[in-house]
Every structure is written in structure tokens, then in C-alpha cells.
Ligand SMILES: Nc1ncnc2c1ncn2[C@@H]1O[C@H](COP(=O)(O)OP(=O)(O)O)[C@@H](O)[C@H]1O
Ligand SMILES: [Mg+2]
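Residue numbers (the UniProt record's numbering): 1 to 258.
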């Protein structure tokens, strides 16, 4: 299997607290991987470690390897800022810059990277907004503030902002949890589109969503309070939901806890 992301024996800590124990998993290119599991089992922590957002939290630390196309993103020679450009992230609550225009929200990263040409920025904004299925809804109001859009539109704006810098991988942490069902379906459709160009890892507490959007599913669990989260099983989504190997996975997906 071709591996875009290859995680090897990853351990994640918050100070002395060992939050995630010994995770190894691989993500092929142009694939959607879903992380599921009970609250507190480390899904967000693992996701943030995939683009070095974990270490931004004071006291947080990672041990182990995360390879992107064979290169260790934790190597001492690697600039975490460039890692986060290559591996973009979309958060639970849409977080556009509320007073900044729709256009400037999309190209904020490019401007930071030094792009000054207005024509180039306009082109990228249009391309990214089209890519995020938002162009038709905002093309006549590009100079209006991003904060004026609906929640679902704001989340697609954040996706446009993430893809404007042409990442290889998109990480999404419960991107629909603050959205209504219609907006949720719009994001799920978009994920299917984006999969043609990007590798996607999505955390979701919604098992139907994992089943709808993902190709492979990773089930995380924890033995108890204060215990580290562990990856229990990673397999084709169809198999996880029909015939998982581990009893804990089966109990979780069939709604029996503990
Ligand atoms: N910023 C943080 N500081 C300290 N502990 C944290 C922090 N974020 C998460 N944790 C702890 O790490 C564990 C995993 O949390 P998290 O990754 O958020 O789980 P999930 O996303 O699966 O709900 C939990 O015990 C949580 O309390
Ligand atoms: Mg979480």
C-alpha cells in the first residue's frame, strides 16, 4: 500500500499525562480516514500530532514518528510552519477571521507567505472557493466580512482557506459538529470531491458520518479514566462497520459501551 502518512509508535503527552499510547497507522493518498471512538480517547490529540499542532499546547510532547511521504515531520531540520502548510487543518467550530473579507480570509495564508500580486490572489481565491463549493454563494460579496456567512458557509470558507495554500493533506476535527444537517451534508459532499485531490483524515463522533464519508476507519478507545487512549483497530470502513476484528470495536459500533 502506498503511504502518504505513516505513523510509527506515536506516544502523546500533556505534561506527565500519557494521553495516547503507541499508535501506528498508515493513510494512503487520496483516501479518507475516519477516527472514531468515545470522548477523551485521544482522537483530537492524534489528529493534532499529524501536523505538529499538538506541540503548540504548553507542556505537550510527542514521541515516535510521523512520516509524510517517507519524511519525518518531527525531524529537527523540519520547520513546523511548513509542515502545517503541507498538512492543513479544519476545526470543530468554523473560525474565519470575522471582520476580514471573504476573499482575504481565503488568501490569508498566501499573503503571510509573501504573495503580493492582487491578480494572483484573486485567482487563488476563486479557485479555492470553487474547490470548497462556495463560489456560487459568495462571488458577488467577496469584499464582505467572513463573519457574515452562515455557519455552514463559514466552515466551507475555512476549507477554502485551508486548500488555498495547496496542502497535500487535510485534517478535520469534527468539522460538522456545529452545523445543521443540510450544511453537514454539504460538507460531506465536499469531502467526497476533495478526496480526488487530497488525503483527508477526519475525526467524527458520528458513526453514520464515518460510514458515509470514509474509506478506512480507525477505532480508538481507552481502558478507563486516566488511562491512555489506544488505537484498537484500523480497517476498511465497510469491514469496521460490518465485521470488526475486535470485540471493543463491535461493542462501540453497535452502541454497547464497556
Ligand atoms: N490541552 C490539553 N491539556 C491537557 N490534557 C488534554 C488537553 N487536550 C486533551 N487532553 C486530554 O487528553 C485526552 C485525550 O483528549 P482528546 O484528544 O481531546 O480526546 P477526543 O478528541 O477523543 O475526545 C483526554 O484525557 C483529555 O482530557
Ligand atoms: Mg476531540
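For glycine and all other residues, C-beta sits at the position ideal for the given N, C-alpha and C.
Less than 8 Å between the CB atoms is what I'm expecting for residue i and residue j, so what's the real figure, rounded?
i           : j           : result
residue 203 : residue 44  : 6 Å
residue 217 : residue 187 : At roughly 18 Å, the Cβ-Cβ gap does not stay under 8 Å, so residue 217 and residue 187 are not in contact.
residue 220 : residue 22  : Actually they do not touch by this definition, with Cβ atoms about 12 Å apart.
Please determine, among the options, the residue with the shortest C-alpha to C-alpha distance to residue i.
i           : options               : result
residue 103 : 198, 215 and 135      : 135
residue 33  : 243, 249, 112 and 201 : 201
residue 29  : 5, 39 and 189         : 5
residue 157 : 67, 137 and 80        : 137
residue 149 : 97, 170 and 9         : 97
residue 237 : 208, 9, 126 and 225   : 208
residue 57  : 13, 245 and 249       : 13
residue 210 : 159, 130 and 191      : 191
Return the chain-ordered list of same chain residues with a C-beta closer than 6 Å to the C-beta of residue i, the five sequence neighbours on each side being excluded.
i           : result
residue 72  : 65
residue 258 : Its pLDDT being 44, under 50, residue 258 is placed unreliably by the model, and the measurement read from it follows with that caveat. Once the five neighbours on either side are set aside, residue 258 has no close Cβ partner at all.
residue 169 : 87 and 199
Put residue i into one of helix, strand or coil per three-state DSSP.
i           : result
residue 7   : strand
residue 147 : helix
residue 111 : helix
residue 27  : strand
residue 258 : Because residue 258 sits at a pLDDT of 44, beneath the cut-off of 50, its placement in the model cannot be relied upon, and the point is left open.
residue 216 : strand
residue 231 : strand
residue 194 : helix
Would you say the beta carbon of residue i is closer than 8 Å to some non-hydrogen atom of ligand 3?
i          : result
residue 38 : In the structure shown, ligand 3 is absent; the only ligands present are ligand 1 and ligand 2.
By Cβ distance, which residues of its chain are closer than 8 Å to residue i, with the 5 residues on each side in sequence left out?
i           : result
residue 101 : 142, 143, 144, 145 and 146
For ligand 2, I want to know if residue i counts as a neighbour, meaning its beta carbon is within less than 8 Å of at least one of the ligand's heavy atoms.
i          : result
residue 20 : no
residue 44 : yes
For ligand 1, is there a heavy atom less than 8 Å away from the beta-carbon of residue i?
i          : result
residue 57 : yes
Using C-beta distances below 7 Å, list every residue in its chain close to residue i, excluding the 5 sequence neighbours before and after it, in chain order.
i           : result
residue 250 : 244
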